[in-house]
Ligand SMILES: [Fe+2]
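Residue numbers (this note's numbering): 39 to 384.
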């Protein structure tokens, strides 16, 4: 009844989950360079691509999700904290994804990134980069949080039945699958460790920064697929001052209120999360070309805003690079602004 297959045969895994009766299929974590192979596989097996899921915003390879969504009109599903525009369905912990007659449960498992989910179906769990076979994903970049990762693994994944098969998004040692029971007992990073011990261990592992991380991460975060696009580097991004939603709200109520610069797409600006009253919309992809429109506001503080605070950090870094001095970022974006029940317009 359920079709299940790993399609890459490499270190980076892409899984197909399909419904044998309706021939509808879901791809998890497609890699851009393999899109033609996936489409050929689907056609050969007479499957229709119904949906694509990214378990998180990837930092190590360009995602194939945006292109697949456009090529075959598939739904693009990610957690609601995912930064990129163009995700057609946002999910949260406990949601269910239907693919034909198959049902796939969503577990929110942050840690590796703030938008990491695991997928549970038919005795299998796809763990993204949170729980690996005999390892765990690193949690030291892209908003990672080692403590949250420990909680995700121990409270969301290790409570699944012991015989549940584990399929991670990466494996560097040639493993194909494991089980929850096996990882609970023998995973050298986490088995038998307390939360504090796990955080200490992860901090002691001095991982090198992946090559070209910003060149991969920023297009995946922003869905800007243009080779000519120039993104700020890490040092520039780190210079952006982050403000919590409450701080921005207080600034807006004071004298000399900041200009709120919303860098999302127009559909998002008028979408379910709404926008801050009086904010100016300049999508990130147009910012460099339209920066002259902001010249009149050079003397004012500017707060950059997007969905989850990632694209807007890029935007703020671009403005800092152009010599704007009082530029801030709304941390965690409109998702957090809405969670705090701050006022929006739609
Ligand atoms: Fe990852």
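Glycine included, every Cβ here is placed at the ideal spot set by N, Cα and C.
Report yes if the C-beta of residue 96 is less than 7 Å from at least one heavy atom of ligand 1; otherwise report no.
Indeed, a heavy atom of ligand 1 lies less than 7 Å from the Cβ.
Under the three-state DSSP convention, the category residue 383 falls into
In the structure shown, residue 383 sits in a strand (DSSP, three-state: E or B).
Backbone secondary structure at residue 76 - three-state DSSP
In this structure, residue 76 counts as helix in the three-state DSSP scheme.
Whether or not the stretch 80-91 and the stretch 199-218 are in contact is what I'm after, with contact meaning three or more pairs of Cβ atoms, one per stretch, closer than 8 Å; do they touch?
Contact between the stretch 199-218 and the stretch 80-91 is absent, because fewer than three Cβ pairs lie under 8 Å.
Distance CB(residue 143)-CB(residue 159) smaller than 8 Å
For residue 143 and residue 159, yes; Cβs fall inside 8 Å.
What does the alpha-carbon distance come out to for the pair residue 122 and residue 300?
CA-CA distance, residue 122 to residue 300, rounds to 14 Å.
In whole angstroms, give me the CA-to-CA distance for residue 71 and residue 127.
Rounded to whole angstroms, the gap between the alpha carbons of residue 71 and residue 127 is 24 Å.
With DSSP as the reference, label residue 245 as helix, strand or coil.
Coil at residue 245, not helix or strand.
Would you kindly report the start and end of the unbroken alpha helix (DSSP H) that includes residue 210?
That residue, residue 210, is in no alpha helix (DSSP H); it is neither H nor E in DSSP.
May I have the straight-line CA-CA distance separating residue 98 from residue 69, to the nearest angstrom?
Their backbone Cα atoms lie some 10 Å apart in a straight line.
Could you spell out where the alpha helix (DSSP H) holding residue 206 opens and where it closes?
Counting along the chain, residue 206 sits inside no alpha helix (DSSP H); it lies in the beta strand (DSSP E) bounded by residues 203-206.
Bounding residues of the beta strand (DSSP E) (the contiguous stretch that carries residue 159):
First-last of the beta strand (DSSP E) with residue 159: 155-159.
Does the pairing of the stretch 268-277 with the stretch 293-310 give three or more beta-carbon distances under 8 Å?
The stretch 268-277, when compared against the stretch 293-310, does not touch it at the 8 Å Cβ threshold.
Can you tell me whether DSSP reads residue 362 as helix, strand or coil?
When secondary structure is reduced to three states using DSSP, residue 362 falls in the coil class, being assigned neither helix nor strand.
heavy atom of ligand 1 below 7 Å from residue 175 C-beta:
It does: the Cβ of residue 175 is within 7 Å (strictly closer) of some heavy atom of ligand 1.
Looking only at C-alpha atoms, which of 282, 176, 247, 203 sits nearest to residue 239?
Measuring from the Cα of residue 239, the nearest candidate turns out to be 176.
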